[in-house]
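Chemist:
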Amino acid sequence: MKKQLFIALLASALMVTSIPVTAVAAAATTKAGTPATTSAVTSSAISTTKSAISTTGTAITTTNGALTTTNSAVTTTNSAITAAGIQGPAVIAPISLSLDDTYKKMLADSPQATLAKYTLDTDLSVAKGYSEKLSSMHQLEKAKDVASQWALDTSNKTMLEANRTFGNIQAPKNYDASINNLKSQTYEMYYNYKYTEAQVQVAKDNLTRTQAIYTSTMLKFKLGTVSKLDTLTAETNLNTAKDKYALAVNGFEKMKMNFNLFMGYNIHQKVTLTDSLTALSFPTKAVDEGVKEALINRNEINGANYNAEMAQYALNNVKAYPSSSATYLGAKSTLLMAQEGVKTAPEKVEVDVRTKYMDMKQKYDAVTSGKVSYENSKEASRLAQLRFDSGVITVTDLSGINIDTFDTQQAYYKAILDYNLAVNAYNLSFGIGTEAVSIK
């Protein structure tokens with residue numbers, strides 16, 4: 024019985040593995056019903072030869088079922104992208120920008136500048152609406168149409184006049200504040216670009232020094248004047264320097280794309296910023312003088328005074344209500360809060376100006392001391408290299424000094440960036456500022 028079962032299984036296996044080639048050919052027919060070419064299936068039936076895949080300068084062809092692919096078979100062109108509707112702004116020739124050029128570009132066609140202009144138009148339209156309402160009141164007063172006067176609530180005439188006056192005066196100030204904010208963003212973006220660019224140079228200088236140490240160490244090892252441990256240390260420091268340089272380069276590439284995006288260019292646009300990352304002159308305006316100007320100019324103070332004036336009008340309009348009513352109490356509470364705002368607004372502005380001045384002064388001192396440290400670090404690296412070449416110090420000592428130099432140089436450029444940004448913040452603090460006031 025077992026023998027018969029074994030024979031049956033063997034026969035079944037032979038049937039599966041010996042399907043006639045003609046059966047395969049019959050299954051492989053075209054849509055027109057033409058049978059595919061039949062051939063024996065052997066171990067050499069599937070083979071790859073130089074002729075199986077051939078490259079020509081014309082089109083895609085099929086030979087004996089093999090697909091021939093040419094270099095022109097798959098291409099991507101700018102027109103194809105354009106047809107798909109996803110092509111970005113065109114990359115123009117390399118350009119150079121000073122800080123003033125960058126300001127002009129942003130004020131001319133940036134979305135932020137356009138939004139500021141729309142906001143100005145909106146604020147002026149609000150003021151115009153108050154003028155039109157007042158004009159309607161004057162016409163109704165002349166006509167002595169009591170019913171229509173009541174419908175327009177002519178009791179608020181004085182309040183409307185105040186709204187109109189404030190709107191016409193404050194709208195241009197709000198626009199200036201928006202432009203100040205845009206210029207501040209542009210200033211920060213510009214100098215951050217220059218700072219990131221400087222970091223690449225610092226990392227490159229560090230890599231050059233580290234490469235020189237590695238080369239010198241390997242030569243000394245061949246001469247038998249340093250140990251194997253020194254060569255391992257030099258190699259490790261070299262790899263670390265390469266990583267730092269690659270990190271700085273990547274950071275700069277990201278910065279360039281973000282700068283182009285901010286400016287409205289194609290992200291691959293080549294731009295050179297011509298202003299150098301050097302410390303600005305310390306402002307001549309003393310902090311007390313800055314505070315006096317800020318108390319006159321800042322929008323926050325104008326806004327606080329306006330809110331208190333409107334709150335007083337609102338309370339006057341509900342004086343007929345009982346003093347214990349929710350309407351009267353709500354208007355009174357609003358007035359008290361607005362009056363508190365009038366009291367604290369000048370104090371907040373003064374704190375802001377003085378804080379920005381102190382921050383700027385501290386960062387100026389950091390730049391002054393950082394410059395000395397920067398120069399000292401370069402000299403320390405030079406002297407350390409001479410001592411290493413003379414065999415006085417080890418590669419570990421020299422590498423430690425060079426790392427200190429790298430860190431010091433990075434810190435110096437960061438100090439310049441922080442100081443320049445602080446100067447800009449202080450200069451803006453005693454003008455209109457960067458905050459707009461709502462025109463109701």
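My numbering puts the last residue of the sequence shown at 463; the count rises by one with no breaks.
Where a beta carbon is used, it is the ideal one built from N, C-alpha and C, also for glycine.
Keep in mind the model is a prediction, meaning the values are calculated, not measured.
Can you find the residues in the same chain that come closer than 8 Å, C-beta to C-beta, to LEU318, ignoring five residues on each side of it along the sequence?
Modeler: ILE324, PRO369, VAL372 and GLU373
Chemist: CA-CA distance, MET401 and THR428?
Modeler: It should be noted that the sequence gives Lys, not Met, for residue 401. Distance between the alpha carbons of LYS401 and THR428 is about 7 Å.
Chemist: What does SER119 pair with, by DSSP beta-bridge criteria?
Modeler: SER119 is bridged to THR295.
Chemist: Just verifying my parser: in three-state terms, what is the DSSP assignment at ALA445?
Modeler: helix
Chemist: To which residues of the same chain is PRO306 closer than 7 Å at the C-beta, ignoring the five residues directly before and after it?
Modeler: VAL446, TYR449 and ASN450
Chemist: Does DSSP put VAL272 in a helix, a strand or coil?
Modeler: helix
Chemist: Apply the 10 Å Cβ neighbour rule to GLN162 and answer buried if 16 or more other Cβ atoms are within range, or exposed otherwise.
Modeler: exposed
Chemist: From GLY326 to TYR210, what does the alpha carbon distance come to, in whole angstroms?
Modeler: 27 Å
Chemist: Take THR295 and list the residues in its own chain whose beta-carbon comes closer than 6 Å to its own, dropping the five residues that flank it on each side.
Modeler: SER119
Chemist: Can you tell me which of the three DSSP states LEU130 falls into?
Modeler: helix
Chemist: Is it right to say LEU464 is buried, meaning 16 or more other beta carbons lie within 10 angstroms of its own, or is it exposed?
Modeler: Residue 464 lies beyond the range of the chain shown here (24 to 463); nothing can be said about it.
Chemist: Using only CA atoms, which one of ILE416, SER396, LYS165 and ASP199 lies nearest to TYR141?
Modeler: The option with the nearest alpha carbon to TYR141 is ASP199.
Chemist: Mind checking whether the beta-carbon of GLU276 lies closer than 7 Å to any heavy atom of the ligand MN?
Modeler: With respect to the ligand MN, the structure shown offers nothing to examine, as it has no ligands at all.
Chemist: By Cβ distance below 6 Å, which residues in the same chain neighbour TYR387 in space, the five residues on each side in sequence not counted?
Modeler: Setting aside the 5 residues that flank it on each side, TYR387 is surrounded in the same chain by PHE305 and TYR442, each with a C-beta closer than 6 Å to its C-beta; the list follows chain order.
Chemist: Taking a contact to mean a Cβ-Cβ separation below 8 Å, would you say ALA226 touches LYS267 in this structure?
Modeler: yes
Chemist: Going by DSSP in three states, LYS437 sits in which element: helix, strand or coil?
Modeler: helix
Chemist: Spatial neighbours of PHE244 within its chain, please: CB distance less than 8 Å, with the 5 preceding and 5 following residues excluded, ordered by chain position.
Modeler: SER250, LYS251, ASP253 and THR254
Chemist: Are the CB atoms of TYR213 and LEU122 nearer to each other than 8 Å?
Modeler: It is a contact, given that the beta carbons lie within the stated cut-off.
Chemist: Below 8 Å, how does it come out for the region 421-440 and the region 452-459: are there three or more Cβ pairs, yes or no?
Modeler: no
Chemist: For VAL460, name the three-state secondary structure that DSSP assigns.
Modeler: coil
Chemist: If you reduce the DSSP assignment to three classes, tell me which class ASN289 lands in.
Modeler: Note: ASN289 maps to coil in three-state DSSP.
Chemist: Can you tell me where the alpha helix (DSSP H) holding ARG410 begins and where it ends?
Modeler: 349-412
Chemist: Straight-line CA distance for SER158 to LEU359?
Modeler: SER158 and LEU359: Cα-Cα distance of roughly 32 Å.
Chemist: Our contact map puts VAL365 next to VAL310 with C-beta atoms below 8 Å; I'd like the distance itself, whole angstroms only.
Modeler: VAL365 to VAL310, Cβ: 24 Å. No contact.
Chemist: Just to confirm, is the Cβ distance from MET333 to LYS463 under 8 Å?
Modeler: yes
Chemist: Just how far apart, CA to CA, sit ARG405 and ARG232?
Modeler: 10 Å
Chemist: Which whole-angstrom value is the C-beta distance of ASN203 and GLY456, which I expect to be below 8 Å?
Modeler: At roughly 7 Å, the Cβ-Cβ gap stays under 8 Å, so ASN203 and GLY456 are in contact.
Chemist: Going straight from the alpha carbon of GLY190 to that of ASP146, what length do you get?
Modeler: 7 Å
Chemist: Does ILE192 pass the burial test, meaning 16 or more other C-beta atoms within 10 Å, or should it be called exposed?
Modeler: exposed
Chemist: Going by DSSP in three states, SER201 sits in which element: helix, strand or coil?
Modeler: helix
Chemist: Just verifying my parser: in three-state terms, what is the DSSP assignment at ARG321?
Modeler: coil
Chemist: By Cβ distance, which residues of its chain are closer than 6 Å to ALA219, with the 5 residues on each side in sequence left out?
Modeler: Position check: residue 219 holds Thr in this sequence, whereas Ala was assumed. Excluding sequence neighbours, THR219 sits near GLY274, PHE275 and MET278.
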